[in-house]
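Protein chains: 2
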Amino acid sequence: MYHSEKMLREKGIKVTPQRAAILDVLRDTREHPGVEVIYQRVKKQFPSISLATVYKTVELFVRSNLIQELCLTGDVSRYDARVESHPHVACMNCGKVEDIDNFDMEYIIEPAEQATGYKILKEEIMYFGYCGDCKGVMDN
Amino acid sequence: MYHSEKMLREKGIKVTPQRAAILDVLRDTREHPGVEVIYQRVKKQFPSISLATVYKTVELFVRSNLIQELCLTGDVSRYDARVESHPHVACMNCGKVEDIDNFDMEYIIEPAEQATGYKILKEEIMYFGYCGDCKGVMDN
DNA sequence: ATATAACTGAAAAACATTATTAATTAGTTT
DNA sequence: AAACTAATTAATAATGTTTTTCAGTTATAT
Ligand SMILES: [Mn+2]
Ligand SMILES: [Mn+2]
Ligand SMILES: [Zn+2]
Ligand SMILES: [Zn+2]
């Protein structure tokens, strides 16, 4: 696309079609996909892209703060083009990860720094449970 | 130990020396160790224990709510014998994970359920940054 | 246009986790 | 207390995930 290329340039990252396509995928979805899903989508446009390129690229993007990495117990890392702190909810059955919108959350990085002595860069708030589709169908 | 065996029995889990030792390790530390560290410690007492046993046991303990699993971007899962929700801070350099004590946190599972329609079981709050030892020594 | 440093794709390697299985063990029943 | 049985263990293999390596290609600066 067009705006993704501009974002890469602004971060001083060399622009390649693969990188722009990966950033496009992440900017076009609210699904918080993992590397395999990103790979499958970019493949439609670049059939010869390698999974290793996807791994290397998301790592670069995380380092550059173009995307953020979310981690889930017992699943692969998921990626999000919204880089500001915002709460998520993950379904422990189907693996869906969603933003929680219209939800008042206090972000309290400074008090956490004072309580811990750490230099804190990021706050991650993740709720785990069962989504509307899965909570009825829970075996056991 | 003694109390760990009782905890296993109360959960209806068959008591074995390996299981009691693994629970002891987790109840005796505030380090939030991963499987490899747990394995090395239990090995002192049971030199023939297998890493696969540690994997299976922590999975069983998480399912039974004897321990909780914490996940960190770019690291293995870590385990915690304190099962109630409490905030953590992780050092992105040395991998240390600490509890944040004396820290007022509002736990808001019900509002999150209302905002999402999920049945929520667990809330995880993780701060990422650099610990006192590491924040001075950050290269680049 | 040319140069060059960085990037890609492919494959191998490293690392993490799960599955399999024969022998052992915990907890129960005689 | 001995026997029984189902579950657990240790070892290994299998699987899955992520990183490394490297030869060839490409993006950017000159
Ligand atoms: Mn998000
Ligand atoms: Mn803790
Ligand atoms: Zn679901
Ligand atoms: Zn540190």
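Residue numbers (this note's numbering), protein chains in the order written: chain A, 1 to 140; chain B, 141 to 280.
Built from N, CA and C at the ideal position, the CB exists for glycine as well.
1. Could you tell me which uninterrupted beta strand (DSSP E) segments, each at least 3 residues in length, are contained entirely in the region 246 to 277 of chain B, listed from first to last along the chain?
2. What residue from L163(B), K184(B), E171(B) and S190(B) has the CA that sits closest to V237(B)'s CA?
3. In chain order, what residues of the same chain lie with their CB nearer than 7 Å to the CB of M92(A), ignoring the 5 residues before and after it?
4. Count the other C-beta atoms from every protein chain shown that fall within 10 angstroms of the C-beta of G272(B), then say buried if there are 16 or more, exposed otherwise.
5. What are the residues of the region 121 to 137 of chain A that lie near chain B, defined by any Cβ-Cβ distance shorter than 9 Å?
6. Can you list, in chain order, the residues of its chain whose CB lies under 8 Å from that of I178(B), leaving out five sequence neighbours each side?
7. Verify the CB distance criterion: does K56(A) have a CB-CB separation below 8 Å to chain B?
8. Indicate whether at least one CB of chain B lies closer than 8 Å to the CB of P33(A).
9. Is it the case that the region 63 to 82 of chain A contacts the region 5 to 23 of chain A, given that we only count it when at least three CB pairs across the two stretches are under 8 Å?
10. Just how far apart, CA to CA, sit Y118(A) and E110(A)?
11. What residues are listed by DSSP as bridge partners for V97(A)?
12. When burial is assigned at 16 or more other CB atoms within 10 Å of the CB, is L121(A) buried or exposed?
13. What does Y118(A) reach in chain B if we use C-beta pairs closer than 8 Å?
14. Any C-beta of chain A within less than 9 Å: which residues of the region 153 to 186 of chain B qualify?
15. Buried or exposed for V76(A), please, with buried defined as at least 16 other CB atoms from any protein chain shown within 10 angstroms of its CB.
16. Identify the contact partners of E246(B) in chain A, using a Cβ-Cβ distance below 8 Å as the criterion.
17. Give the secondary structure of D164(B) by DSSP, where H, G and I count as helix, E and B as strand, and everything else as coil.
18. Where the beta carbon is closer than 6 Å to any heavy atom of ligand 2, which residues qualify, in chain order?
19. Hey, would you say the C-beta of D241(B) is under 7 Å away from at least one heavy atom of ligand 4?
According to the structure data:
1. 259 to 270
2. E171(B)
3. F128, G129 and Y130
4. exposed
5. L121, K122, E123, E124, I125, M126, Y127, F128, G129, Y130, C131, G132, C134 and K135
6. I162, V165, L166, V194, V198 and Y219
7. no
8. no
9. yes
10. 10 Å
11. A90(A)
12. exposed
13. V229, C231, Y267, G269, Y270, C271, G272 and K275
14. none
15. exposed
16. E106
17. helix
18. H172(B), D220(B), R222(B), H226(B), H228(B) and D239(B)
19. no
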